[in-house]
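The structure appears below as structure tokens.
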Amino acid sequence: MKPIYVIGHKHPDIDCIASAIAYKVYKQSTEKGLYLAAAAGELNPELKWLLDFLSFEHPQVVDDVGTKVGDLLDDELPLYISTDTTLVELGNIMRKNELKTVPVLDEKQRFLGLITIGDVAMIYMDALGSGRDIDRSPEILKNLLDQKASNIMKTRDLILFEPDERVDEARKNMLASRFRNYPVVDDENRYLGMISRYNLLQMKRKQIILVDHNEKKQAVDGIEEAEILEIIDHHRVGDLQTLYPIYFHNEPVGSTSTLVAEIFLLNQVYMSANLASLLLSGIMSDTMIFKSPTTTSKDKRIAQELEHISGLDSLTWGKKLYSESNRVDKQSDEEVVSGDLKEYVSGDTTFAISQVETVDLAAFAERRSSLLQTMEAMCERKSYVLMCLMVTNIFEDGTEMIVAGKKSALVELAFKHEHLNGGIFLQGVLSRKKQVVPVIYQMLRQENMI
Ligand SMILES: [Mn+2]
0 MKPIYVIGHK
10 HPDIDCIASA
20 IAYKVYKQST
30 EKGLYLAAAA
40 GELNPELKWL
50 LDFLSFEHPQ
60 VVDDVGTKVG
70 DLLDDELPLY
80 ISTDTTLVEL
90 GNIMRKNELK
100 TVPVLDEKQR
110 FLGLITIGDV
120 AMIYMDALGS
130 GRDIDRSPEI
140 LKNLLDQKAS
150 NIMKTRDLIL
160 FEPDERVDEA
170 RKNMLASRFR
180 NYPVVDDENR
190 YLGMISRYNL
200 LQMKRKQIIL
210 VDHNEKKQAV
220 DGIEEAEILE
230 IIDHHRVGDL
240 QTLYPIYFHN
250 EPVGSTSTLV
260 AEIFLLNQVY
270 MSANLASLLL
280 SGIMSDTMIF
290 KSPTTTSKDK
300 RIAQELEHIS
310 GLDSLTWGKK
320 LYSESNRVDK
330 QSDEEVVSGD
340 LKEYVSGDTT
350 FAISQVETVD
360 LAAFAERRSS
370 LLQTMEAMCE
380 RKSYVLMCLM
390 VTNIFEDGTE
400 MIVAGKKSAL
410 VELAFKHEHL
420 NGGIFLQGVL
430 SRKKQVVPVI
440 YQMLRQENMI
């Protein structure tokens with residue numbers, strides 16, 4: 000059975016991983032199908048610590064959900080024959096199952112060759128010649144029917160595919176050749192099935208449920224080829240399109256974990272103490288221990304429910320999470336800047352905003368110029384018109400903003416603060432989503448850049 004991936008954004012944070020794991024548990028206990036919690040990128044050390052601490056398996060890292068050859072295969076292994084299958088047996092198998100191509104495998108299911116109905120027809124025609132030997136044909140036929148597959152099969156000039164090849168690449172190869180079916184083998188040459196042009200038309204896409212994001216730029220690669228089944232989010236509505244109507248739950252609350260926990264509670268689905276702890280972690284980190292202006296009464300109410308189930312105190316637990324995550328002093332500039340980075344695209348314009356939380360702004364002041372250099376290089380490399388690093392101190396209730404890129408001056412202008420070595424301190428600004436992203440969009444619109 001093909002899994003349905005429950006997946007968060009790139010540069011995974013606690014909220015998106017907690018939501019993915021919890022929503023997977025919810026779907027698995029309420030609906031049919033195989034669900035898999037996935038991460039759209041490597042887990043940061045803080046997340047690894049949290050998952051280990053609460054004894055959760057790390058979600059599988061899936062960095063591309065584009066359609067692969069393997070997605071086109073049927074779940075069941077199709078029919079095959081062995082080298083000593085005779086032509087008469089083969090004929091029966093082909094007729095009974097309406098097959099036009101049959102693979103020949105060894106006893107370890109490794110692929111050896113192919114026999115097509117065309118090959119078989121040709122063998123008969125060759126044997127019968129021009130019809131002059133018509134008197135001898137029963138004899139010829141008898142010899143023929145006892146022939147073994149190993150003598151007939153085609154082993155050369157075949158086109159084989161591997162399951163992780165991209166479908167668009169496979170399509171090119173198929174169009175350049177004239178076969179009806181193409182065997183798929185793994186890297187040990189084990190036969191996995193057959194694909195045809197017909198499969199390309201069907202296009203079995205990967206099925207995914209997005210949590211904690213809905214913008215293409217933040218989503219896992221290959222998203223445009225996947226089939227989105229549901230979205231649960233608490234961000235602005237972005238640019239993803241779907242072919243069919245989907246369940247799209249978007250609500251302006253402090254965290255996606257709040258929404259996922261609410262779904263459990265409303266539907267009275269069992270939640271373990273550890274799962275409650277994980278969801279509470281999502282809420283406490285995204286709402287910055289309820290200090291972020293994105294915090295709503297619903298976040299607090301759901302957190303209370305999770306306290307009962309987990310036995311944790313949300314404030315104490317939130318502070319513990321923060322002390323675990325404040326390890327930026329051990330990270331390189333590159334790691335600090337890309338740890339929690341989000342990209343935004345509108346038309347041809349792309350910008351990025353990164354956020355770190357710290358209790359020690361002074362330590363950051365020392366690193367400002369080297370961080371700025373790293374960011375400028377990143378703007379260059381990734382064609383960002385601008386890039387912000389929000390260094391947020393929830394205990395001082397504000398954010399030191401470091402801005403790089405061609406349009407950095409505009410950000411400083413937008414926030415009407417003094418330019419200080421590439422940095423500005425924004426009192427009361429804690430939320431990227433609510434207090435920074437809209438300001439930058441507004442500014443780019445005024446500049447006619449989007
Ligand atoms: Mn979130």
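For what it's worth, numbering that gives the first Met the number 0 labels the leading residue of the sequence shown as 0, then goes sequentially.
C-beta atoms are modelled at their ideal positions from N, C-alpha and C, and glycine is treated no differently.
Ordered along the chain, which non-local residues of its own chain (more than five positions away) have a Cβ less than 8 Å from that of Asp-63? For the purposes of this step, residue 63 is taken as residue 64 along the sequence shown, with counting starting at 1. Only Val-219, Asp-220, Gly-221 meet the Cβ criterion.
Exposed or buried, Glu-356, counting other C-beta atoms within 10 Å across all chains shown (16 or more means buried)? Position 357 of the sequence shown holds residue 356. Classification for Glu-356: buried.
Hey, how far is the Cα of Ser-337 from the Cα of His-10? Here residue 337 is taken as the residue at index 338 of the sequence shown, counted from 1. Here residue 10 is taken as the residue at index 11 of the sequence shown, counted from 1. Distance between the alpha carbons of Ser-337 and His-10 is about 8 Å.
Note down, in chain order, each residue of its chain lying with its Cβ closer than 7 Å to the Cβ of Arg-165, except the 5 sequence neighbours on either side. Against the sequence shown, residue 165 aligns to sequence position 166. Answer for Arg-165: Gly-65, Lys-67, listed in chain order.
Should Asp-285 be labelled buried (16 or more other beta-carbon atoms within 10 Å of its own) or exposed? Working through the sequence shown from its first residue, we reach residue 285 at position 286. Classification for Asp-285: buried.
Mind the definition here: the region 82-91 touches the region 159-173 only if three or more C-beta pairs lie below 8 Å; say whether that holds. Verdict: no, contact absent.
Sheet register partners of Gln-354 (DSSP bridge): By one-based count along the sequence shown, residue 354 stands at place 355. In DSSP, Gln-354 forms a bridge with Met-389.
Could you pull out every residue in the same chain whose Cβ sits closer than 7 Å to the Cβ of Arg-196, ignoring the five residues on either side in sequence? As a position in the sequence shown, residue 196 is number 197, starting the count at 1. For Arg-196, where only same-chain residues beyond five positions count, the Cβ hits under 7 Å are Met-173.
Please return the same chain residues whose Cβ sits closer than 8 Å to the Cβ of Leu-429, not counting the five positions on each side in sequence. Translated into the one-based positions of the sequence shown, residue 429 becomes position 430. Excluding positions up to five away in sequence, the list reads Met-287, Lys-290, Ser-291, Pro-292, Thr-391, Ile-393, Asp-396, Gly-397, Thr-398.
Can you tell which of Glu-106, Ile-423, Met-283 has the C-alpha that lies nearest to the C-alpha of Ile-401? Position 402 of the sequence shown, counting from 1, holds the residue named residue 401. Residue Ile-423 is the option with its Cα nearest to Ile-401.
Could you tell me which of Leu-76, Asn-43, Met-124, Val-101 sits nearest to Val-60, measuring between CA atoms? Start at 1 with the first residue of the sequence shown, and residue 60 comes out as number 61. Per the Cα distances, Asn-43.
Following a CB-centred definition, is Asp-211 positioned closer than 6 Å to any heavy atom of ligand 1? The residue labelled residue 211 in the question sits at position 212 within the sequence shown. Answer for Asp-211: yes, Cβ within range of ligand 1.
With 16 other Cβ atoms within 10 Å as the buried cut-off, status of Met-121: By 1-based counting over the sequence shown, the position of residue 121 is 122. Answer is exposed; the Cβ neighbour count stays below 16.
Where do the ends of the alpha helix (DSSP H) carrying Thr-257 lie? Reading the sequence shown from its first residue, position 258 is the one you call residue 257. In this chain, the alpha helix (DSSP H) harbouring Thr-257 covers 255-265.
Given Leu-264, which residues of its chain have a CB within under 7 Å of its CB, disregarding the five upstream and five downstream residues? As a position in the sequence shown, residue 264 is number 265, starting the count at 1. Closer than 7 Å at the Cβ level, and outside the excluded window around Leu-264, lie Glu-304.
With distance defined between alpha-carbon atoms, name the residue in His-233, Asp-232, Met-202 nearest to Glu-223. The residue labelled residue 223 in the question sits at position 224 within the sequence shown. When only C-alpha atoms are compared, the closest one is Met-202.
Could you check if Lys-26 is buried or exposed, using at least 16 other CB atoms within 10 Å of its CB as the buried criterion? On the sequence shown, position 27 is the one that residue 26 refers to. A residue is called buried when at least 16 other Cβ atoms come within 10 angstroms of its Cβ; Lys-26 meets this threshold and is buried.
Assuming Met-386 and Ala-351 make a contact with CB atoms under 8 Å, what is their CB distance in whole Å? Walking along the sequence shown from the start, residue 386 turns up at place 387. Walking along the sequence shown from the start, residue 351 turns up at place 352. So it is a contact: roughly 5 Å between Cβ atoms.
What residue range does the alpha helix (DSSP H) around Asp-298 cover? The count along the sequence shown starts at 1 and reaches residue 298 at position 299. Where Asp-298 is concerned, the enclosing alpha helix (DSSP H) stretches over 296-309.
Alpha helix (DSSP H) runs wholly inside the region 63-145, at least 4 long, in chain order: Qualifying alpha helix (DSSP H) stretches, in chain order: 68-71, 86-96, 116-127, 136-144.
C-alpha gap between Thr-466 and Asp-134, whole angstroms: With the chain represented from 0 up to 449, any question about residue 466 goes unanswered, as that position is not in the structure.
Alpha carbon to alpha carbon, how far is Leu-278 from Ile-13? Stepping through the sequence shown from its first residue, residue 278 is reached at position 279. Stepping through the sequence shown from its first residue, residue 13 is reached at position 14. Rounded to the nearest angstrom, the two C-alpha atoms are 9 Å apart.
Could you check the C-alpha separation between Gly-7 and Val-210 for me, to the nearest Å? The residue labelled residue 7 in the question sits at position 8 within the sequence shown. The residue labelled residue 210 in the question sits at position 211 within the sequence shown. When rounded, the distance between both Cα atoms is 5 Å.
What would DSSP say about Arg-177, mapped onto helix, strand or coil? Along the sequence shown, read from residue 1 onward, the residue named residue 177 stands at position 178. Of the three classes helix, strand and coil, the one that applies to Arg-177 here is coil, per DSSP.
What span of residues does the beta strand (DSSP E) with Phe-247 cover, start to end? Looking up residue 247 in the sequence shown gives position 248. Where Phe-247 is concerned, the enclosing beta strand (DSSP E) stretches over 246-249.
Where Leu-3 and Leu-46 are concerned, what is the direct C-alpha to C-alpha distance, given to the nearest angstrom? The residue labelled residue 3 in the question sits at position 4 within the sequence shown. The residue labelled residue 46 in the question sits at position 47 within the sequence shown. Residue identity check: residue 3 is Ile in the sequence provided, not Leu. Each residue's alpha carbon lies about 23 Å from the other.
Rounded to a whole number of angstroms, what is the C-alpha to C-alpha distance between Arg-179 and Thr-100? Sequence index remark: in the sequence shown, residue 179 carries index 180 (1-based). Sequence index remark: in the sequence shown, residue 100 carries index 101 (1-based). Cα-Cα distance, rounded: 8 Å.
Using the C-alpha atoms, what's the distance from Lys-216 back to Val-344? The residue you call residue 344 lines up with position 345 of the sequence shown. The residue you call residue 216 lines up with position 217 of the sequence shown. Distance between the alpha carbons of Val-344 and Lys-216 is about 7 Å.
Out of Tyr-243, Pro-77, Phe-110, Thr-82, which has the shortest C-alpha to C-alpha gap to Glu-451? The structure shown does not extend to residue 451, since the chain is modelled only from 0 through 449, so no value can be given for it.
Flag Ser-254 as yes when its Cβ comes closer than 6 Å to any non-hydrogen atom of ligand 2, and as no otherwise. The ligand content of the structure shown is limited to ligand 1, which means ligand 2 is not among them.
By the 10 Å Cβ neighbour count, where 16 or more other Cβ atoms means buried, how is His-463 classified, buried or exposed? In this structure the chain extends from 0 to 449, so residue 463 is not present and cannot be described.
Report the rounded CA-to-CA distance for Glu-56 versus Ala-39, giving the unit in angstroms. The residue given as residue 56 occupies position 57 in the sequence shown. The residue given as residue 39 occupies position 40 in the sequence shown. For Glu-56 and Ala-39, the distance between alpha carbons rounds to 16 Å.
Would you kindly work out how many angstroms separate the C-alpha atoms of Val-436 and Arg-189, rounded to a whole number? As a first step, residue 436 is located in the sequence shown; it is residue number 437 there, counting from the start. As a first step, residue 189 is located in the sequence shown; it is residue number 190 there, counting from the start. Each residue's Cα considered, the two are about 50 Å apart.
Determine, using beta carbons only, whether Lys-506 and Val-384 come nearer to each other than 7 Å. Since the displayed the chain opens at 0 and closes at 449, residue 506 lies outside it and no answer follows.
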